[in-house]
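*Asks:* I have a structure here, written as structure tokens, and I will follow up with some questions on it.
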Amino acid sequence: MIRLPLVLFFSAFLFSAGVYGVLVRRNAVMVLMAIELMLNAVNVNLVGFSANLKAMSGQVFALFIIAVAAAEVGIGLAIVILLFRNRESINVDEVSLLKW
Amino acid sequence: MVAAETTAVAAASGILKLTWIIALLPVISAALTLFFGKRTPGRGAVYGILALAGSWVLSILVLWHFVQGGGTQASQVEWFNVGPFHLQLGQYIDGLAAVMLVVVTSVSLCVHVYSLGYMHGDKRFTWFYFVLSMFTAAMLDVIIAPNLFQLLIGWEVMGVCSYLLIGHWWEEKENSNASIKAFITTRIGDVPFMFGIFALIAATGFKTSNITEISTMVHTGAIPAGVAAVAAILLFGGTIGKSAQFPLHVWLPDAMAGPTPVSALIHAATMVAAGVYLVGRMYTVFIGAETWVLQTVSIIGAITMLGAALLALVQNDIKRVLAYSTLSQLAYMVAVMGVGPAGRNAAFFHLFTHAFFKALLFLGAGSVIHSVHSNNMSDMGGLRKYMPVTFLTFVIGSLALAGIFPFAGFWSKDELLVSTHDGHMWLFIIMVVTAALTAFYTMRMVWLTFFGAYEGHGHPEESPASMTGPLVFLAAATVGVGFLGSPLLHAPFFKWVYFGEPEAIHFVPWIALLGTAAALGGIALAYAVYKEKRERDPLEGALGPFWGLFQNRYYIDAFYMRAIIYPVRDRLSAAVYWFNQNIIDGVVNGVAALARGVSVVVYWFDRNVIDGFVNAVGSGAEEGGGLLKYLQSGNVQWYAVGLFVGVIALTIIFVRA
């Protein structure tokens, strides 16, 4: 049995790494991966609490999130591919058409 | 047989309740003419003619009721109440009203038909028919009116229609002057008339204006004789104006400026008779008043009678001869009204016959004028060869006017003389003299127009059938209606129309002979004077200084102009000009200056405060947007930074709270 604080620290670290990746990376694929990190940090949190509180609903939520994350990555990668086809680039800094 | 008669009387009484429809039909036709006339084939004359034909038939039926001995009928609906005062609309039909209805609808129908020919091609043809119908409706309203207010309404509408018709050809200044003169002169009579109405209403305690009720109150003494006298003399003011009696007679000769059918309808047969009708309608008030009232009535009538007949002698305009003749004949009625109940009945008989033969004479004169395009008898002459129908009918009318047996005028003039010979000898003498003068100027008119050689231009022709038809109808009436009042035939007229009790009419042979002798004497004298053609009117030498006096109408018109109209008009116009320049213009200019001052302030406020505020809002939004737009960088990662910073900030806030 792993103690809960340990799990939470691990989760926090993963989430922070994800945030850092989303905000800093220029490569769209890397941004998507960072989002994946953040989602999984939440999964770790849910599973950790589920085990600790002996409640299964946390694990059910985790399964949902995995499924939704898979769909999200699918769409995200499709956007990235279309982006590359149009722009020959997947640098998110260059995708700033939607502005004043 | 008896049962059949009863049924007939009952049916006639049923019609009597609907008498008001007689007056309503011309109103409807007037509205139709006004709104649809110009789009109707024939320019709208058809409405008036059909309506009048309907009214005429109904009038005959109403008269038939009285011929059979039916009684009076009154019905009314409430219009409005002011305190104790009840005002009603309705009808009061007695034999007098029934006779007047027949007279007015007959003459009006004739004039409607006649105008088809006379007014053919006139540019205001439709308008003319509208006013004719409107006038007829107003006159019929006066006849059936059960109260003084309803009577006054018809009375005033007639005045307006008369004004409109006299000035029908207003492009000529003379015509529009004549219409204004007629309107203002009759108004001068209408003012006392209205005060007379108010006096009577006040005398009833402000309860009613119903003529029957007022008559009853005068009869029983509830209204004292002095009050009745004041009211009666004021009402008589209306008669003086409307029936053109001295001293307000000046408008009628000038009113001949209107189209001739109008002269026949309004200024000979009906409207001018309204004044006489008014006296007859309110006769209880006149009888109940102090005696000087009726004496005044007689004296006014006598002055007008003789004065107008003398003026008719010297006229050259055929319509003016007839106009002065009308004055004179109306004065007969007015004068004899002053004699008493018998005189009233005789006066009404004369009103009845006069309407027919005077309408006939006017329409005949119109036929002549239509043909020779001139009103002057010096441009006529010898027309009997060219216009046989007009000639024959005109002669019948003239003989009636002169009072020759057996035409209508003989019978009625005889009744007038009979009713005055006993106790009013001065009036009797004036009437006989006037009768001789009447015969003289009538003969003069006929001779100058139809005999001798034609003096005018062009080739005169007989008028179309629409004009000669009414002439023939009226000529037949002129021959026929006199017998209704003939004492030799038991005078049926006086059984329908009476005041108080039905009157036994006497036939006094010496009076009939005297009247006929006066008429024949006048005719013979006129023949002797005019049989030879002369350059100048032979009367001019014979009358000496009186010729000028008559030509200038006793200088009465000139006196009115100098003594009343010029001073009043000049001073009034000066005062009005001053008032206009100083007061009205001052007010207008003051208002304008005030408006300008206010508008300067409002302009400043608008420019600076309101516009300033609006502009500030606009530029503030623009500036703010210019600054804020940099937040919308398009860089998703910056948005994400904002997101996380926001989440952290909210977390800190909520956790601390």
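Protein chains in written order, with the working numbering: chain B, 21 to 120; chain R, 143 to 799.
Here a beta-carbon is modelled for each residue, glycine too, at the ideal position from N, C-alpha and C.
This structure is a prediction, so every number in the text was calculated from the model and none was measured.
#1: Can you tell me the Cα-Cα spacing of Pro602/R and Pro401/R, whole angstroms?
#2: Are any of the Cβ atoms in chain R nearer than 7 Å to that of Ser109/B?
#3: If you measure beta-carbon to beta-carbon, which residues of the segment 782-798 of chain R are closer than 7 Å to chain B?
#4: Smallest Cα separation from Val42/B: which of Asn777/R, Phe755/R and Val575/R?
#5: Please report the straight-line C-alpha distance between Ala146/R and Ile157/R, rounded to a whole angstrom.
#6: Compare the C-beta of Leu52/B with all C-beta atoms of chain A and state if any pair is closer than 7 Å.
#7: Show which residues of chain R have a CB atom less than 7 Å away from the CB atom of Ser116/B.
#8: Give a single yes or no on whether Phe533/R has its beta carbon closer than 6 Å to a heavy atom of the ligand MN.
#9: Below 7 Å between beta carbons is the criterion; list the residues of the segment 29-63 of chain B that meet it against any residue of chain R, in chain order.
#10: In whole angstroms, what is the alpha-carbon distance linking Ser561/R and Val481/R?
#11: If I measure Cβ to Cβ from His803/R and keep anything under 6 Å in the same chain, skipping five residues before and after, which residues do I get?
#12: Using 7 Å as the threshold, is the C-beta distance between Gly825/R and Ser467/R below it?
#13: Would you list the residues sitting across from Asn47/B in a DSSP beta bridge?
#14: Count the other C-beta atoms from every protein chain shown that fall within 10 angstroms of the C-beta of Asn487/R, then say buried if there are 16 or more, exposed otherwise.
#15: Within its chain, find whatever has a CB closer than 7 Å to the CB of Leu469/R; leave out the 5 residues flanking it on each side and keep chain order.
#16: Do Phe582/R and Arg526/R have their CB atoms nearer than 7 Å?
#17: Given that Val112/B touches chain R, what residues does it touch there, using C-beta distances under 8 Å?
#18: How about Trp119/B: is its C-beta nearer than 7 Å to some C-beta of chain R?
#19: Ordered along the chain, which non-local residues of its own chain (more than five positions away) have a Cβ less than 8 Å from that of Val144/R?
#20: Look at Ile308/R and Ala444/R and say whether their C-beta atoms are less than 7 Å apart.
#21: On the CB-based measure, 16 or more other CB atoms within 10 Å of its CB, does Thr793/R come out buried or exposed?
#22: Please determine if the segment 182-189 of chain R and the segment 256-270 of chain R are in contact, where contact requires at least 3 C-beta pairs separated by less than 8 Å.
#23: Return the Cβ separation of Tyr234/R and Ile286/R in integer angstroms, given the expectation that the two are a contact with Cβ distance under 8 Å.
#24: Quick check on the DSSP output: the alpha helix (DSSP H) that includes Gly624/R runs from which residue to which?
#25: Label Gly168/R either buried or exposed according to how many other C-beta atoms from any shown protein chain fall within 10 Å of its C-beta, with 16 as the threshold for buried.
#26: So is Val797/R buried or exposed if we call it buried at 16+ other beta carbons inside 10 Å?
#27: If you measure between the beta carbons of Gly422/R and Phe490/R, is that distance less than 7 Å?
#28: Pair every Cβ in the segment 278-285 of chain R with every Cβ in the segment 334-351 of chain R, then say whether three or more of these pairs are closer than 8 Å.
#29: Output the residue ranges of the alpha helix (DSSP H) runs that lie fully inside the segment 392-471 of chain R and measure 4 residues or longer, sorted by chain position.
#30: Grab me the residues of Asn72/B's own chain with a C-beta within less than 7 Å of its C-beta, minus the 5 sequence neighbours each way, in chain order.
#31: Assuming Pro548/R and Gly624/R form a contact by the criterion Cβ under 8 Å, report the distance between their Cβ atoms to the nearest whole angstrom.
#32: Put Gly232/R into one of helix, strand or coil per three-state DSSP.
#33: When you compare the CB positions of Ala406/R and Leu274/R, do they come within less than 7 Å of one another, or not?
#34: Going by DSSP, name the residue or residues bridged to Ala216/R.
*Replies:* Straight from the coordinates:
#1: Taking the second sequence and counting its residues from 1, the one referred to as residue 602/R is at position 460. Taking the second sequence and counting its residues from 1, the one referred to as residue 401/R is at position 259. Approximately 19 Å, taken between the alpha carbons.
#2: As a first step, residue 109/B is located in the first sequence; it is residue number 89 there, counting from the start. False, the Cβ-Cβ gap to chain R never drops below 7 Å.
#3: Ala782, Val783 and Phe786
#4: Along the first sequence, read from residue 1 onward, the residue named residue 42/B stands at position 22. Of Asn777/R, Phe755/R and Val575/R, the residue nearest in Cα terms is Asn777/R.
#5: Here residue 146/R corresponds to residue number 4 of the second sequence, with the count starting at 1. Here residue 157/R corresponds to residue number 15 of the second sequence, with the count starting at 1. Below a pLDDT of 50, predicted positions are generally treated as unreliable, and Ala146/R, at 48, falls in that range; no measurement from the model is reported.
#6: In the structure shown, chain A does not exist; the protein chains are B and R.
#7: In the first sequence, the residue the question calls residue 116/B occupies position 96. The contacting residues are Ser775, Gly776 and Asn777.
#8: Although the ligand MN was asked about, the structure shown includes no ligands whatsoever.
#9: Val39, Val42 and Leu43
#10: Against the second sequence, residue 561/R aligns to sequence position 419. Against the second sequence, residue 481/R aligns to sequence position 339. Distance between the alpha carbons of Ser561/R and Val481/R is about 8 Å.
#11: No answer is possible for residue 803/R: the residues shown for chain R start at 143 and end at 799.
#12: Here chain R comprises residues numbered 143 to 799, so residue 825/R is not present and cannot be evaluated.
#13: Numbered from 1 along the first sequence, position 27 holds the residue referred to as residue 47/B. In DSSP, Asn47/B forms a bridge with Asn111/B.
#14: Taking the second sequence and counting its residues from 1, one reaches residue 487/R at position 345. Asn487/R is buried by the Cβ-count criterion.
#15: Locating residue 469/R in the second sequence gives position 327, where the first residue counts as 1. Within the same chain, Leu469/R has close Cβ partners Ala386, His391, Leu394, Thr446 and Ala450.
#16: The sequence position of residue 582/R within the second sequence is 440, counting from 1. The sequence position of residue 526/R within the second sequence is 384, counting from 1. No. Outside cutoff.
#17: Reading the first sequence from its first residue, position 92 is the one you call residue 112/B. Near Val112/B (Cβ distances below 8 Å), the residues of chain R are Asn777, Val778 and Gln779.
#18: Against the first sequence, residue 119/B aligns to sequence position 99. Inspection of the sequence shows that residue 119/B is occupied by Lys rather than by Trp. Taking Cβ atoms only, chain R reaches closer than 7 Å to Lys119/B, which makes this a yes.
#19: Residue 144/R sits at position 2 when you count from the first residue of the second sequence. Below a pLDDT of 50, predicted positions are generally treated as unreliable, and Val144/R, at 43, falls in that range; no measurement from the model is reported.
#20: Residue 308/R sits at position 166 when you count from the first residue of the second sequence. Residue 444/R sits at position 302 when you count from the first residue of the second sequence. Cβ atoms of Ile308/R and Ala444/R: not closer than 7 Å.
#21: Stepping through the second sequence from its first residue, residue 793/R is reached at position 651. That one is exposed.
#22: yes
#23: For the purposes of this step, residue 234/R is taken as the residue at position 92 of the second sequence. For the purposes of this step, residue 286/R is taken as the residue at position 144 of the second sequence. Tyr234/R to Ile286/R, Cβ: 7 Å. Contact.
#24: Counting from 1 along the second sequence, the entry for residue 624/R is found at position 482. Going by DSSP, Gly624/R is part of no alpha helix (DSSP H) at all; its letter is neither H nor E.
#25: By 1-based counting over the second sequence, the position of residue 168/R is 26. The question names Gly, but residue 168/R is Pro in the sequence shown. That one is buried.
#26: Walking along the second sequence from the start, residue 797/R turns up at place 655. Exposed.
#27: Against the second sequence, residue 422/R aligns to sequence position 280. Against the second sequence, residue 490/R aligns to sequence position 348. The answer is yes: Cβ separation under 7 Å.
#28: no
#29: 393-396, 402-406, 413-423, 425-430 and 433-455
#30: Here residue 72/B corresponds to residue number 52 of the first sequence, with the count starting at 1. The answer, listed in chain order, is Leu24.
#31: Sequence index remark: in the second sequence, residue 548/R carries index 406 (1-based). Sequence index remark: in the second sequence, residue 624/R carries index 482 (1-based). The Cβ separation is near 7 Å, so the contact holds.
#32: The residue given as residue 232/R occupies position 90 in the second sequence. Gly232/R: strand per DSSP, three-state reduction.
#33: Stepping through the second sequence from its first residue, residue 406/R is reached at position 264. Stepping through the second sequence from its first residue, residue 274/R is reached at position 132. Not in contact: Ala406/R and Leu274/R (Cβ atoms no closer than 7 Å).
#34: Position 74 of the second sequence holds residue 216/R. Per DSSP, Tyr234/R.
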